[in-house]
Each structure stands twice: as C-alpha cells, then as structure tokens.
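Peer 1: Structure in structure tokens, see below.
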Amino acid sequence: MKALLVIDIQNDFLPGGTLAVSGSDRVIPLINELMPSYELVVATQDWHPKDHGSFAANHEGRSPGEVVDLDGLDQILWPVHCVAGSEGAEFPESLHTHRIDHIVRKGGDTRVDSYSGFFDNGRRRSTGLAGLLKREGVTEVHLVGVATDYCVKFTALDAVDEGFRTVLVEDACEGVDLKGGDVRMAIEAMESRGVEICSVEEVMAETETLYRPVGPEELTKLVQGSFRSWPPRLPEQPIFYPVTNEGYAEQIAREWNVPDSGSAAVTRFRVKRSFLSKYERKIVGSREHEEYWIPAEDLDEFNRNLDGPIEVIKQLQET
C-alpha cells in the first residue's frame, strides 16, 4: 500500500504566517489533487508548547537564525510558530482535511525540536508514525509539503531508515532556502540515501480517473467493502462499465438509477493505466462519451489495479 505524507501544511508556514515559507500556498491545490490517489493520507502537524526551546523569544538577547545548544543538540532559533491550539498551528481551510486519515503531531517536548515526522531531532522519542504506517500495511510513502530542506527532508530520510520505499513529489513541496542552494542540497542528500524524486504529473500519469453511477444497493456493498473494491457482478451483468466523464456518469444516474431506485450516487476512482491499456475505450452513441467495457471475469484484476479508494462525489435524490 502507498501512503501520502502531507508535511506541515499549517497556517504559520503559509504566506502571512509567523514562519512563512515563500510560495508554500501554491502546493495546496497540488496536494489536494494528489490525495484521492492514495489509500492512506497522513498529515504531520508542528504542535509546540509556548515555551519551546526553538523559539528565539525564549532565549534572552537571541534572534531568529542564530544557533544555540538545546539539550546537547545544535538548534536554529525560529520565530514563535505553530503553538499548540493556536490558529497558526491549524491546517488552512483550503487544504482538503476531510481526506486526511491520521494526524501525527510533533515538537511537543520543550527541550528538543522535531523536524522529522518519525522522530525528534535527537531520535530520543518516536512520534509513532512508523508503527502506524506498518500497522496499515504501508510499504511505500510519497512526501509533499513544507519545508523541502527541513521537515520534508528529515521525514524522507527517516522513512528510508524505517524500510519504506520513499518518493519525494518535488513540485508539491516548497523549501525555505535560507542560503541559496539549500533546497538543491537537500534533494541531493535525499537522493543519495535512496529517495526517489518525481513530479505531480508523473504520479497522476500512472493512473486514469474514471466515474461510475451506482444505485443504493451497489452503494451499500461499496460501504461494506470500505470503498476498496467493486462488488462482483450479477449473472445478468456480464460487463462492468466505468466511464471517463463525470457529467456522463451523472446523466446516467439521473436517467436510470434515480427513476429505478429513488436515489443514486456518482463515484470517482483511479485505475492504473498499465491495466486499462488492454481494453478499448468505446464511444457511447452520438453523445461522444467514452467508457471502458470490462468483462465481469476481469473485475477482480480491475480491483487489484485500483489506485486508492473509491469515493462518492455526488448524491442524487428523486424530486
């Protein structure tokens, strides 16, 4: 299973925040676009006490950017940011938080910072992220968020150490780049440790987004299966028809499912192109909509090639 790790997309790291990463707001739409492609989405959240030792304000006469000794470790001092319970520590409204399955908080110990989503900077305490991912059956993690040269980098390096195949979605990350070249050096450091680098386009190109209208009975079966697979076809249903257009899926639902059952839903899901390539895309009548014809006996293989969960994007009722 692949998981998406969304690193520190919080108000204080966005433009207008106390520790704003320039350009960080541009990655939010990309992250939102990526989320449905993953069966598990985990977000990390900086969650500091007010008296945290990384805050310059808690060191008399010191300024942000200076380095001090904090419980035996070199510590860059930062402006006060992401204080537990504050608005700055919250996720922005523009982030699709309803798609986040788990939140892992870090930085709660006043004596040590925590850039990585797995451990504090001294590796003295685990956040529990590795255990969570392994319990869920995750073998591969993709990283997005801020900052490339700090929390993203250290999370990626620890992910490798924990045995996960680790992929950095580079254009869905933004860096601080305090010294010109810091981001590039961070990426090179990750690559040297086995982190793979890809783009949003490359992630999305691996799959095709399809749609399907369903009636209440089929929707119930999807719920029972936790939206992870399509239920078997009935004998009178020898073909499974996913369509390529959301509008066409809704049209079918309104014309067929709602009159027949009183309600319907439109679903969206991603399927690996490598699997779909052996099936012809068929033009439907004069309406120029396309759909795939998947034989019922191939549905198990179809389900194995789903990339992420099936999601309900629209509910329709008889009026």
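Numbering-wise, the UniProt record's numbering puts 144 at position 144 of the sequence shown, and it's gapless, one number per residue.
Beta carbons: idealized from backbone N, C-alpha and C, even for Gly.
Computed from a predicted structure; not experimentally measured.
1) Using 8 Å as the limit for Cβ to Cβ distance, is E191 near chain D?
2) By Cβ distance below 6 Å, which residues in the same chain neighbour V312 in space, the five residues on each side in sequence not counted?
3) Assign E236 to one of two classes, buried (16 or more other C-beta atoms within 10 Å of its C-beta) or exposed (fewer than that).
4) Leaving out five residues before and five after N305 in sequence, what residues of the same chain have Cβ atoms less than 7 Å from its Cβ?
5) So the beta strand (DSSP E) K282 belongs to, where does it begin and stop?
6) For H81 and K153, what's the separation of their Cα atoms in angstroms?
7) Short of 7 Å in beta carbon distance, which residues of its chain neighbour D260, apart from the five on each side in sequence? Order them along the chain.
8) Say whether the region 79–99 touches the region 44–51, bearing in mind that this needs 3 or more beta-carbon pairs closer than 8 Å, one atom from each stretch.
9) For C151, write down the residues that DSSP places opposite it in a beta bridge.
10) Under 8 Å by Cβ, that's how I've got I187 and P213 pegged, so tell me the actual separation to the nearest angstrom.
11) Verify whether the separation of the beta carbon atoms of K282 and W293 is less than 8 Å.
12) Who are the Cβ neighbours of residue 331 in its own chain at under 6 Å, not counting the five residues just before and after it?
13) Do you know offhand how far N11's Cα is from H102's?
14) Could you give the first and the last residue of the continuous alpha helix (DSSP H) run that contains A43?
15) For G107 versus I7, is the C-beta distance shorter than 8 Å?
Peer 2: In terms of the structure at hand:
1) Going by chain labels, chain D is absent from the structure shown, which holds only one protein chain.
2) Walking along the sequence shown from the start, residue 312 turns up at place 312. Excluding sequence neighbours, V312 sits near A265, T267.
3) Taking the sequence shown and counting its residues from 1, the one referred to as residue 236 is at position 236. By the 10 Å Cβ count, E236 comes out exposed.
4) For the purposes of this step, residue 305 is taken as the residue at position 305 of the sequence shown. Closer than 7 Å at the Cβ level, and outside the excluded window around N305, lie V271, K272, F275.
5) Counting from 1 along the sequence shown, the entry for residue 282 is found at position 282. 281–284 is the extent of the beta strand (DSSP E) around K282.
6) By 1-based counting over the sequence shown, the position of residue 81 is 81. By 1-based counting over the sequence shown, the position of residue 153 is 153. The straight-line gap from Cα to Cα measures roughly 19 Å.
7) The sequence position of residue 260 within the sequence shown is 260, counting from 1. Only G215 meet the Cβ criterion.
8) yes
9) Position 151 of the sequence shown, counting from 1, holds the residue named residue 151. None; C151 has no bridge partner.
10) For this step, residue 187 is matched to residue 187 along the sequence shown. For this step, residue 213 is matched to residue 213 along the sequence shown. In fact, because the Cβ distance is near 43 Å, the residues do not count as touching under 8 Å.
11) In the sequence shown, counting from the first residue as 1, residue 282 sits at position 282. In the sequence shown, counting from the first residue as 1, residue 293 sits at position 293. Yes; because the gap between Cβ atoms is below 8 Å, this pair is in contact.
12) Beyond the ends of the chain as shown, which are 1 and 319, falls residue 331; an answer cannot be given.
13) Position 11 of the sequence shown, counted from the first residue, corresponds to residue 11. Position 102 of the sequence shown, counted from the first residue, corresponds to residue 102. Going from the Cα of N11 to the Cα of H102 covers about 19 Å.
14) Position 43 of the sequence shown holds residue 43. Unbroken run through A43 is the beta strand (DSSP E), 40–46; no alpha helix (DSSP H).
15) As a working note, residue 107 is residue 107 in the sequence shown. As a working note, residue 7 is residue 7 in the sequence shown. No.
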